[in-house]
Structures are given as C-alpha cells and as structure tokens.
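Heads up: the sequence shown runs through residues 1 to 223, numbered per full-length UniProt numbering.
All C-beta atoms, glycine included, are put in the ideal place defined by N, C-alpha and C.
Only a predicted model underlies this, so the values are computations on that prediction, with no experimental measurement involved.
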Amino acid sequence: MEESSCQALKELEHYVVKDAPPCVYYIPEYITEAEEAYLLQQFWFRDRVRQGGLPHPKGMLAEKLPDWLQQYAEKISALGTFAGKTANHVLVNEYNPGQGIMPHEDGPLYYPTVTTISLGSHTVLDFYHPISDVQDVPQTEESRFLLSLLVERRSLLILRDSMYKHFLHGIQGAAQDTLTDRVANLSLTSGYAGDCLTRGTRVSLTIRHVPKILKTTLLFGKR
Ligand SMILES: O=C(O)CCC(=O)C(=O)O
Ligand SMILES: [Fe+2]
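Dropping the structure here:
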C-alpha cells in the first residue's frame, strides 16, 4: 500500500506496518518490564484510571503532566511525532478482560496523531471504514471491517494520517483473541496466526498534542 507519507518519521521506518493504509508504526518492547511495573503502580496508587468511554472535551482541561509521564511525552515527541511540538495530553484507560471500546473517531480536538503505550496486557484494536453516505446498502460492522492490530504490553503504537482521520477504531469486548492473518502487524509482534491470547487487565496511555488554539477555545467555553 501507499507508503510515501509514512517516511516522515525517519527513525521509525523499520516499524511501519506495511499492510495498513498510512500510517501505522508499531514498536514492540518500547518500555522495559521495570518501567511498565513502575507506571502501573503510579496509576493504581493514584486511582486516576478512567473506565472506557470516548474522548471528552472535559479531558482537554487536564492538569500539568506529572514528571513520570512528561518524560515519555518528551521521548515520543522527540521522534517528530507531533511535528516538532511536545505532547501535552495523556488519557488513561483501563480495560478488564471482556471490556472494549466501541468503534469511534478521536475527532478534531487533537493534532491528528495518537500514540499509545500499553501496560499489563495485550489487546486487539480493530479498524473500520466510516459509515458511507449511501444509506440504502446495509452496513454491518463486518462489512466495514478494515484490519486489526495486535497491541502487545509495553509496545508503542503510533497512528497518523488516514489511520487516524478516516478510519474508526475500537476494541471488541472479548476475554480472548485468536490471531488471524487480518492482524496487519503480526510480523512485527511475537504472535502467530492461530495463537489464542487471553487478555488480562490493560492500562493504555494515549499520548497526544492538543494545539494551543483549541485549548484556549475550550477555556473560553468554560466561563
Ligand atoms: O485503549 C486504547 O488503546 C484505545 C483508546 C481510545 O481509542 C480512546 O481513548 O480514544
Ligand atoms: Fe480512540
């Protein structure tokens, strides 16, 4: 598939998922086991974990990032992920086995790139074509399905361009995932088609940049 626009992040060229539309980068073992344990401890201790749900404008008014998150925001931004800007927003989601998130778009509040660090468990992220304007054709979730990504614990996933802006993403409410050749990043993971992976509790950190102008707009809206 088209790869040209995925060359923007030079250091990451080995991590481009070639069987996906532009752009997906998947970096396994992005953080160490010790870092993962430390981050999980911070979240569980502080009980700051948000359960599922969709991105909400209220989230935009998040407080300053604690230092232990700021360092990851800076490290990821140094890859050129946010066009020279530094990530300033982190959303934390916790999923128990069986929990998912319905297919959605993240919308225009963010710079059109999302980066996700996964802690505690893998999951499978599914992508779908948007519902087309032609309403006379019944459109099932199955007919809109595009591809899946296996997102392993400690990995970093970067979605940009059409994979961020055009397609919807969601997570099935399943307790197990059977890997198939519909998993577009399989060769970059330790999984094989036919494997059945049992989910544990997963905490995801979605790290993004919110352009300043939108932040200001939202602050006005709060008055
Ligand atoms: O947990 C994830 O990896 C996805 C979360 C998500 O899509 C969102 O919060 O918008
Ligand atoms: Fe999302």
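Quick check on this structure: which residue in Leu186, Pro21, Leu79, Arg182 has the alpha carbon closest to the alpha carbon of residue 282?
Any property of residue 282 remains undetermined from this structure, which presents the chain solely from 1 to 223.
Taking His166 as the reference, give the member of Leu149, Thr140, Thr113 with the closest Cα.
Thr113
How about the segment 102-120 and the segment 192-203: do they share at least three Cβ pairs that are nearer than 8 Å?
yes
Rounded to the nearest angstrom, what separates Cys196 and Thr189 at their Cα positions?
14 Å
Looking at Ile76: is its Cβ nearer than 8 Å to the Cβ of Gly170?
no
Mind checking residue 237: buried by the 16 CB within 10 Å criterion, or exposed?
Only positions 1 to 223 of the chain appear in this structure, which leaves residue 237 out of reach.
So within the segment 63-126, which uninterrupted beta strand (DSSP E) runs reach at least 3 residues, ignoring any that extend past its ends?
89-95, 101-104, 113-119
Does DSSP put Arg208 in a helix, in a strand, or in coil?
strand
Check whether the Cβ atoms of Asp177 and Arg160 lie closer than 8 Å to each other.
no
Which of helix, strand or coil does DSSP assign to His14?
helix
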